[in-house]
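A short write-up of the structure that comes next.
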Amino acid sequence: MSLTDSVVYQIYPKSFRDSSGDGVGDLRGIIEKVDYIASLGVDHVWFNPFFPSPGRDNGYDVSDYCAIDPAMGTMEDFEELVAALGEHGIGVMLDMVLNHTSTEHKWFQRALAGDPVYQDYYYLLPPKEDGSLPTNWVSKFGGPAWAPFGDTGLYYLCLYDRTQADLNWHNPAVRAEAAGVVNFWRAKGVKDFRFDVINVIGKPLPLQDAPTGTDDRRMYTDGPLVHDYLRELCAASFGQDPEAMTVGEMSSTTVEACAGYSNPANGELSMVFSFHHLKVDYADGAKWTRIPYDFAALKRIIDEWATGMQAGGGWNALFWNNHDQPRAIDRFADPEHYHAESATMLATVIHLLRGTPYVYMGEEIGMTDPAYLSIEDYVDVEARNAYNELTAGGMGAQEAFAIVHSKARDNARTPMQWNAEAPGAGFTSGTPWLRPTNQQTVNVEREEAQGRILPYYRRLIALRKELPIISRGAYAPYLMEHEDVLAYTREHDDSCLMVLCSFRGHDTEVPVPEAFASARILIGNYDGNDRIRSSDELPPVADRLEAGTIRLRPYEAIALLA
1 MSLTDSVVYQ
11 IYPKSFRDSS
21 GDGVGDLRGI
31 IEKVDYIASL
41 GVDHVWFNPF
51 FPSPGRDNGY
61 DVSDYCAIDP
71 AMGTMEDFEE
81 LVAALGEHGI
91 GVMLDMVLNH
101 TSTEHKWFQR
111 ALAGDPVYQD
121 YYYLLPPKED
131 GSLPTNWVSK
141 FGGPAWAPFG
151 DTGLYYLCLY
161 DRTQADLNWH
171 NPAVRAEAAG
181 VVNFWRAKGV
191 KDFRFDVINV
201 IGKPLPLQDA
211 PTGTDDRRMY
221 TDGPLVHDYL
231 RELCAASFGQ
241 DPEAMTVGEM
251 SSTTVEACAG
261 YSNPANGELS
271 MVFSFHHLKV
281 DYADGAKWTR
291 IPYDFAALKR
301 IIDEWATGMQ
311 AGGGWNALFW
321 NNHDQPRAID
331 RFADPEHYHA
341 ESATMLATVI
351 HLLRGTPYVY
361 MGEEIGMTDP
371 AYLSIEDYVD
381 VEARNAYNEL
391 TAGGMGAQEA
401 FAIVHSKARD
411 NARTPMQWNA
421 EAPGAGFTSG
431 TPWLRPTNQQ
441 TVNVEREEAQ
451 GRILPYYRRL
461 IALRKELPII
471 SRGAYAPYLM
481 EHEDVLAYTR
491 EHDDSCLMVL
501 CSFRGHDTEV
511 PVPEAFASAR
521 ILIGNYDGND
531 RIRSSDELPP
541 VADRLEAGTI
551 RLRPYEAIAL
561 LA
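Next comes the structure, spelled out in structure tokens:
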């Protein structure tokens with residue numbers, strides 16, 4: 001399966017399926033569900049880290065890159081999982097966290113013990129002459145981005161949690177270690193890799209303060225060396241596999257930079273994740289705020305990335321949900337009143353765009369944010385830090401919790417809901433590490449028996465493989481000024497596809513160009529239009545047209561093939 005035809009399913013192993021009853025997901029639990037994964041029609045599975053880790057950042061603080069966390073299973077379990085997925089033609093994508101290590105990693109521990117070889121693996125700097133920190137950078141998780149390096153008088157850079165020390169990619173030995181990690185897993189049969197926050201590895205030297213009043217992220221993000229380092233990593237590891245598929249998570253990035261990272265001519269990555277479209281409910285760019293999302297901005301950003309990446313020869317990883325984001329159905333739609341319609345409309349937007357769609361576990365059954373009532377329900381360090389900072393700044397506890405509840409990463413990390421059983425939702429026979437809250441109404445068993453969301457996802461995934469216009473067609477925006485509808489067209493050879501998606505809970509009218517008056521409805525999320533049909537059995541859109549317009553119902557999605 002080619003890059004353009006592929007669909008990726010993301011699994012957060014800690015929350016997918018627990019085979020042991022300890023309340024935490026594991027590799028054997030995933031093996032138990034391989035048939036379900038295969039039934040979706042996906043081509044690759046991206047696994048969040050299951051390497052040994054203290055768990056300060058839920059596995060993104062890696063203490064050993066070439067082993068399996070005993071809580072998740074054994075290397076033999078992993079090899080069995082690779083083989084089981086391979087029997088269905090499904091590739092394994094591993095999450096490489098190569099910008100930083102846990103402070104418990106042997107490299108950092110050797111550096112602390114005074115080994116100068118390993119001290120050069122990290123950014124270690126003295127304070128400024130006035131005693132202040134080496135730079136004024138702020139950690140992504142709050143607080144300063146520097147922490148004391150033992151009792152040496154030096155500080156180490158930690159752009160994320162204090163226990164995640166940034167690696168010094170200027171050191172050729174570090175780059176060789178990174179390639180070695182990738183090659184270790186390649187030898188285990190892995191061909192696909194996702195690289196965590198990879199566009200911050202090229203920090204320009206010397207590290208400098210951000211000018212007062214400016215965004216300090218610009219001081220270390222998307223530096224020109226990122227391209228050099230990615231090309232070197234590609235040549236030394238995954239680039240040796242013609243079928244390898246790679247994706248880079250790009251923090252605070254630009255279309256121009258990402259087109260470069262993912263243009264095949266550059267020999268860097270297959271595709272990129274960007275997050276701008278998921279910040280349209282940030283007040284003044286600040287995550288820990290609570291405002292209605294800006295629909296016009298959402299449309300503009302999706303169009304900018306689709307248009308810009310196409311023009312630059314790049315390729316987008318398309319997604320609404322992942323392990324770091326609250327559930328999109330709560331942010332951009334109405335799961336209370338239009339649950340199935342909301343879930344399937346959002347899926348339509350992504351799966352018919354130019355790029356590679358990613359489905360985050362539970363998304364395909366319409367899982368929502370948990371109905372938590374207290375900060376004690378959350379375990380994520382980022383959420384707890386944010387709550388403490390908001391209340392320390394004078395905000396009331398109720399308001400602070402409402403903000404955290406709307407944005408917390410744990411919202412997407414609640415266990416996969418396989419059935420209606422309490423308390424484990426079929427995820428575990430024990431007590432789940434995070435509590436699900438609506439498994440009685442949202443679960444796989446129910447969707448398989450009578451649902452509308454799961455069958456719709458399966459049909460969208462199948463269509464990408466059936467129709468070149470979806471996998472390879474050119475993109476163009478449509479109705480950018482419409483206040484209720486996100487729309488676009490795709491063109492390939494003699495075919496044209498128009499996608500119309502309502503983001504509102506009321507009826508809205510959409511003009512349809514004359515060229516589509518004789519089109520047929522390829523797929524839609526109302527009236528059984530999600531059913532599989534041959535091309536000559538597709539219903540005509542003319543049945544819905546009135547004076548050149550079509551009336552979309554609440555959260556309706558419809559794709560017209562001309």
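Using UniProt numbering, the letters of the sequence shown map in sequence onto residues 1 to 562.
Where is the CB? At the ideal position from N, CA and C, for every residue including glycine.
Bear in mind the structure is a predicted one, so any value in this text is a computation, not a measurement.
Check whether Ala408 and Pro326 have beta carbons under 8 Å apart: yes
Same chain only: Cβ atoms within 6 Å of Ile302, ignoring 5 sequence neighbours per side: His277
Coil, strand or helix - Tyr475 by DSSP: strand
Distance between beta carbons of Gly308 and Ala259, contact taken as under 8 Å: 6 Å
Cβ atoms of Ala340 and Ile453: under 8 Å apart, would you say? yes
Where Gly362 and His405 are concerned, what is the direct C-alpha to C-alpha distance, given to the nearest angstrom? 19 Å
Leu538 versus Ile550: straight-line alpha-carbon distance, rounded: The straight-line gap from Cα to Cα measures roughly 17 Å.
Please name the residue, chosen from Val174, Met367, Leu98, Tyr155, that lies closest to Val117 on a Cα-to-Cα basis. With distances taken between CA atoms, Val117 lies nearest to Val174 out of Val174, Met367, Leu98, Tyr155.
Would you check if the segment 75-86 and the segment 27-37 touch, i.e. whether three or more CB-CB distances between them fall below 8 Å? yes
Here's the rule: buried if 16 or more other CB atoms are within 10 angstroms of the residue's CB, otherwise exposed. What is Gln450? Residue burial annotation: Gln450 is exposed, with fewer than 16 other C-beta atoms found within 10 angstroms of its C-beta.
Endpoints, the beta strand (DSSP E) within which Thr508 is located: 508-511
Can you tell me the Cβ-Cβ gap for Trp315 and Met271, rounded? I've got them flagged as a contact below 8 Å. Indeed they touch by this definition, with Cβ atoms about 4 Å apart.
What are the uninterrupted segments assigned as alpha helix (DSSP H) that are 4 or more residues long and contained completely in the segment 110-183, given in chain order? 116-119
Beta-bridge pairing of Phe238 - partner residues as DSSP gives them: DSSP, once it has assigned bridges, lists no residue as partnering Phe238.
Inter-residue Cα distance where the pair is Ala343 and Glu556: 10 Å
Roughly how many angstroms lie between the CA atoms of Phe47 and Glu514, to the nearest whole one? Near 45 Å, if we compare the C-alpha coordinates of Glu514 and Phe47.
What would DSSP say about Met309, mapped onto helix, strand or coil? helix
For the alpha helix (DSSP H) that Gln450 lies in, which residues bound it at each end? 444-450
Burial state of Pro292, where buried means 16 or more other Cβ atoms lie within 10 Å: Classification of Pro292: exposed, given that the 10 Å Cβ count is below 16.
Using the DSSP secondary-structure output, state which residues sit across from Thr549 in a beta bridge. Pro511, Glu546
Beta-carbon proximity list for Ser262, same chain, < 6 Å, skipping 5 on both sides: Leu269, Met271, Val272, Gly314, Trp315
Anyone know if the C-beta pair for Cys158 and Asp166 falls short of 8 Å? In contact: Cys158 and Asp166 (Cβ atoms closer than 8 Å).
Exposed or buried, Thr348, counting other C-beta atoms within 10 Å across all chains shown (16 or more means buried)? That one is buried.
Counted within 10 angstroms of its Cβ, other Cβ atoms place Ala328 as buried (16 or more) or exposed: buried
Indicate the three-state DSSP secondary structure (helix, strand or coil) for Glu491 in the structure shown. It is a strand residue.
For the pair the segment 215-227 and the segment 185-203, tell me if three or more CB-CB distances fall below 8 Å. Three or more Cβ pairs closer than 8 Å define a contact, and the segment 215-227 meets that threshold against the segment 185-203.
Would Trp320 and Ile350 be called neighbours here (beta carbons separated by less than 8 Å)? Closer than 8 Å, so yes.
Which listed residue (Pro264, Tyr387, Thr508, Tyr478) has its alpha carbon closest to that of Ala306: Tyr478
Excluding sequence positions up to five away, which residues of its chain have a Cβ less than 6 Å from the Cβ of Val359? Tyr9
So what does DSSP say about Trp418, is it helix, strand or coil? coil
What is the rounded straight-line gap between the Cα of Val34 and the Cα of Gly86? 10 Å
Roughly how many angstroms separate the alpha carbons of Asn58 and Gly25, rounded to a whole number? 12 Å
In the DSSP assignment, find the unbroken alpha helix (DSSP H) run with Gly260 in it and report its ends. Segment 255-262, the alpha helix (DSSP H) holding Gly260.
Could you have a look at Ala328 and say whether DSSP puts it in helix, strand or coil? helix
Measure the C-alpha to C-alpha separation of Glu481 and Gly267 and round it to an integer number of angstroms. Between the C-alpha atoms of Glu481 and Gly267 there is a straight-line separation of about 38 Å.
Could you spell out the range, first to last residue, of the beta strand (DSSP E) harbouring Tyr9? 8-11
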